[in-house]
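Asks:
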Amino acid sequence: MGVPRVYRPGMQVKVSWNAPEGRTDVIKTKVAEVEPYTEAGTIYAHIFPNDVVRVVISARYDSHSLNHPIPYPVNPNKPKEPQQ
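Per this note's numbering, the sequence shown starts with residue 266, numbered consecutively.
#1: Buried or exposed for P269, going by 16 or more other Cβ atoms inside 10 Å?
#2: Over what stretch of residues does the beta strand (DSSP E) that includes T294 continue unbroken?
#3: Can you round the beta-carbon distance between A284 and V291 to whole angstroms, since I take them to be within the 8 Å contact cut?
#4: Given a cut-off of 9 Å, decide if V320 and I308 are closer than it, judged by their beta-carbon atoms.
#5: Taking the straight line between their C-alpha atoms, what separation do you get for V271 and E304?
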């Protein structure tokens, strides 16, 4: 999947994941808004407790970088400013 080079407000993606309960697969799906970005890159979907989903685009950092748009530990309800 690719993303537009330029961010457009209101962009959304459908995210599906497996949240098994014991041996039973539980497939969950949620539509999440893509957070603002200034440069196209890799799509990261972060799934937090209570099925909070945040989707960010990062061209410069992998998910383990302290400079990633959602560094660990995080507040899943607080969007970060677009990376410069």
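Ideal Cβ positions, reconstructed from N, Cα and C, are used throughout, including at glycine.
Replies: Let me spell this out:
#1: Under this definition P269 is an exposed residue.
#2: It spans 292 to 298 - the beta strand (DSSP E) in which T294 sits, taken as one unbroken run.
#3: Between the beta-carbon of A284 and that of V291 there is about 5 Å, and that keeps the pair under the 8 Å contact cut.
#4: Cβ distance < 9 Å, so I308 and V320 count as in contact.
#5: Cα to Cα, the separation comes out at about 7 Å.
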